[in-house]
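Here the sequence shown is numbered in the numbering used here, starting from 8 and rising by one per residue.
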Amino acid sequence: MKIYNTLTRRKEEFVPLTPGKVKMYVCGPTVYNLIHIGNARPMIVFDTVRRYFEYRGFEVNYVSNFTDVDDKIIKKAIEEGVEASVISGRYIAECKKDMEAMNVRPATTHPLATQEICGMLDMIGTLIEKGHAYAVSDGTVYFSTGSFPEYGKLSHKNQEDLQAGHRLIRVTGDEKRNEYDFVLWKPKKEGEPYWESPWCQGRPGWHIECSVMAKKYLGDEIDIHAGGEDLVFPHHENEIAQSEAANEKPFARYWMHNAFLNIDNKKMSKSAGNFFTVRDISERYDLQVLRFFMLSAHYRSPLNFSDGLMEAAKNGLERIVTCAGRLRELSGNTGAGGCAPGELTSKEKEDWEQAQALAVKYEAAMDDDFNTADAIAAVFELVKLANTTAGPSSTASYVERLREKLTQLCDILGLITEKEEELLDSDVEEMIAKRQQARKERNFALADQIRGELAAKGILLEDTREGVKWKRA
Numbered sequence: 008m009k010i011y012n013t014l015t016r017r018k019e020e021f022v023p024l025t026p027g028k029v030k031m032y033v034c035g036p037t038v039y040n041l042i043h044i045g046n047a048r049p050m051i052v053f054d055t056v057r058r059y060f061e062y063r064g065f066e067v068n069y070v071s072n073f074t075d076v077d078d079k080i081i082k083k084a085i086e087e088g089v090e091a092s093v094i095s096g097r098y099i100a101e102c103k104k105d106m107e108a109m110n111v112r113p114a115t116t117h118p119l120a121t122q123e124i125c126g127m128l129d130m131i132g133t134l135i136e137k138g139h140a141y142a143v144s145d146g147t148v149y150f151s152t153g154s155f156p157e158y159g160k161l162s163h164k165n166q167e168d169l170q171a172g173h174r175l176i177r178v179t180g181d182e183k184r185n186e187y188d189f190v191l192w193k194p195k196k197e198g199e200p201y202w203e204s205p206w207c208q209g210r211p212g213w214h215i216e217c218s219v220m221a222k223k224y225l226g227d228e229i230d231i232h233a234g235g236e237d238l239v240f241p242h243h244e245n246e247i248a249q250s251e252a253a254n255e256k257p258f259a260r261y262w263m264h265n266a267f268l269n270i271d272n273k274k275m276s277k278s279a280g281n282f283f284t285v286r287d288i289s290e291r292y293d294l295q296v297l298r299f300f301m302l303s304a305h306y307r308s309p310l311n312f313s314d315g316l317m318e319a320a321k322n323g324l325e326r327i328v329t330c331a332g333r334l335r336e337l338s339g340n341t342g343a344g345g346c347a348p349g350e351l352t353s354k355e356k357e358d359w360e361q362a363q364a365l366a367v368k369y370e371a372a373m374d375d376d377f378n379t380a381d382a383i384a385a386v387f388e389l390v391k392l393a394n395t396t397a398g399p400s401s402t403a404s405y406v407e408r409l410r411e412k413l414t415q416l417c418d419i420l421g422l423i424t425e426k427e428e429e430l431l432d433s434d435v436e437e438m439i440a441k442r443q444q445a446r447k448e449r450n451f452a453l454a455d456q457i458r459g460e461l462a463a464k465g466i467l468l469e470d471t472r473e474g475v476k477w478k479r480a
């Protein structure tokens with residue numbers, strides 16, 4: 008199995024630190040609002056990577072954090088007149104709903120930054136003791152990048168690039184020794200949450216959070232660190248500097264980064280009016296379609312989101328699901344007028360060998376830096392084989408083998424081939440009535456929960472002046 012390593016800029020054979028085990032850390036979202044479809048790409052991609060490792064027999068310790076203390080969270084809390092924890096708690100819950108709807112499995116551990124402050128204080132203290140960090144008069148603590156000769160090794164930036172990059176993120180302050188130095192701890196501002204520290208009442212910098220959470224739940228040295236390519240610099244670069252300076256060990260063996268997601272060939276932004284949350288998309292499509300769309304391109308390739316491409320993804324996924332449903336019906340229909348019992352015929356044995364060869368082709372694609380686009384192409388070939396060779400005259404054994412293989416390969420991709428039984432119209436109307444009652448009682452959490460349950464079952468709601476309209480995705 009080969010992985011493209013951002014650190015070395017080449018594909019490398021995957022060799023775990025401990026045979027049969029994978030320690031993997033994926034940077035999670037900052038929870039101040041509903042997650043957008045740019046957040047969804049790494050969630051889906053690295054969930055698929057995890058699933059494939061498990062299919063290959065590895066035990067995966069998968070850690071993905073929630074950043075629950077941040078300027079944007081604090082700003083929203085002040086606007087609403089509530090504690091920052093209320094905002095972060097609300098959007099962690101909403102994020103988990105969206106993840107479930109995208110069939111993204113919960114991490115082994117979802118640590119919260121605010122629950123790991125003690126570890127951050129310890130690591131900052133260690134960095135100061137070892138001469139890699141220093142405090143200034145207002146209590147701010149900086150990492151001294153000059154003390155870490157390898158600074159820049161992940162982003163492959165030269166000193167000129169680093170200077171330009173750091174100018175953009177630089178925290179003003181004349182006491183910084185080097186303009187490249189970044190904040191580990193900063194003093195509180197009026198109305199902000201804070202923690203006691205040896206340097207001042209304050210809160211951690213963003214970068215130290217992930218270093219500490221990775222160390223606590225995975226150890227000083229991990230197999231894979233992953234996230235979006237926007238995190239390469241400065242976030243992941245700074246994580247390497249802190250972790251390796253404090254722990255005196257290589258931080259991560261392999262660095263994986265997914266490419267950007269564009270909207271109609273333009274960068275997604277609220278100002279451009281092309282900003283979509285996952286919840287927005289769920290009102291138009293089953294989120295399995297979004298997942299299929301995300302995996303239709305290699306994770307390191309830029310991906311363009313558009314209505315036309317989503318419709319194509321919907322049609323492609325439907326072909327697979329329809330095939331799986333047909334095989335399920337055939338295998339369940341044995342006896343008179345249905346599939347024959349008994350062993351495979353000689354022709355079916357030949358066809359089954361083709362199916363197994365397609366599974367090998369699928370594995371080869373996934374072994375080559377998780378090429379889900381080519382893996383999906385192999386799935387479509389399997390669908391074609393099933394559609395042309397399986398029928399009422401087939402043996403139940405042959406049909407069931409095809410169904411199990413198709414289901415298995417799709418499950419690795421997180422694609423659900425067996426649809427839940429559809430809700431009756433009367434059931435939908437009853438749930439809508441319960442939602443309307445909840446809204447009338449200002450129980451918006453319950454109303455949102457009902458809407459989410461309906462969306463998960465492919466029922467899309469639209470609130471209009473004439474009342475609630477609904478349709479099946």
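Beta carbons are placed, not taken as given, at the ideal position from N, Cα and C, and that holds for glycine.
If you're wondering where the values come from, they're calculated on a predicted model, not measured in any experiment.
In the structure shown, the three-state DSSP call for residue 218 is helix. Under the DSSP definition of a beta bridge, residue 470 partners with 475. Setting aside the 5 residues that flank it on each side, residue 58 is surrounded in the same chain by 419 and 421, each with a C-beta closer than 7 Å to its C-beta; the list follows chain order. Within a 10 Å sphere around the beta-carbon of residue 400 sit fewer than 16 other beta-carbons, which makes this residue exposed. Non-local beta-carbon contacts of residue 451 in its own chain, meaning distances under 8 Å to residues more than five positions away in sequence, involve 445 in chain order. From the listed residues 349, 383, 215 and 392, the smallest Cα separation to residue 360 is found for 392. Within the model, the alpha-carbon separation for residue 239 versus residue 11 is close to 14 Å. If you check the CB distance, residue 296 and residue 324 come in under 9 Å. Between the region 147–155 and the region 97–104, the count of C-beta pairs closer than 8 Å stays below three; the two stretches do not touch. The region 41–50 and the region 74–83 do not touch, with fewer than three beta-carbon pairs separated by less than 8 Å.
Residue state for residue 262 is assigned as strand, using DSSP reduced to three classes. A distance below 7 Å between beta-carbons, with the five flanking residues on each side excluded, links residue 183 to the following residues of its chain, in chain order: 149. In this structure, residue 386 lies near residue 413, with their beta-carbon atoms less than 9 Å apart.
Using a Cβ distance threshold of 9 Å, residue 263 and residue 234 count as a contacting pair.
Approximately 5 Å separates the beta-carbon atoms of residue 337 and residue 406; this is inside 8 Å, confirming the contact. Restricting attention to beta strand (DSSP E) runs no shorter than 3 residues, the region 183–211 encloses them at 189–194 and 209–211, ordered along the chain. The DSSP-derived three-state label of residue 423 is coil. Distance from the Cα of residue 331 is smallest, within the candidate group 390, 111, 94 and 85, for 390.
Relative to the Cα of residue 253, the nearest Cα in the group 455, 154, 291 and 8 belongs to 154.
Contact between the region 112–129 and the region 56–75 is established, with three or more Cβ pairs separated by less than 8 Å. A direct Cα-Cα distance of roughly 19 Å separates residue 74 from residue 196.
Membership of residue 80 in the alpha helix (DSSP H) is indicated by the continuous run 78–87. Here the alpha carbon of residue 373 sits roughly 23 Å from the alpha carbon of residue 107. Taking 4 residues as the minimum length, the alpha helix (DSSP H) runs contained wholly in the region 257–328 are 285–289 and 294–302, in order along the chain. Taking the C-beta atoms as reference points, residue 301 is found no nearer than 9 Å to residue 120. Residue 350 places its beta carbon 9 Å or farther from that of residue 396.
Taking the CA atoms as reference points, residue 237 sits about 17 Å from residue 261.
Taking 8 Å as the upper bound for CB-CB distance, residue 214 and residue 161 are not in contact here, some 13 Å apart. Secondary-structure assignment with DSSP links residue 19 through a beta bridge to 10. Taking a 10 Å sphere around the C-beta of residue 478, we find fewer than 16 other C-beta atoms and assign the residue as exposed.
Within the DSSP bridge table, the entry for residue 387 names no partner. Between residue 449 and residue 432, the alpha-carbon positions lie close to 26 Å from each other. Taking the C-beta atoms as reference points, residue 307 is found nearer than 9 Å to residue 265.
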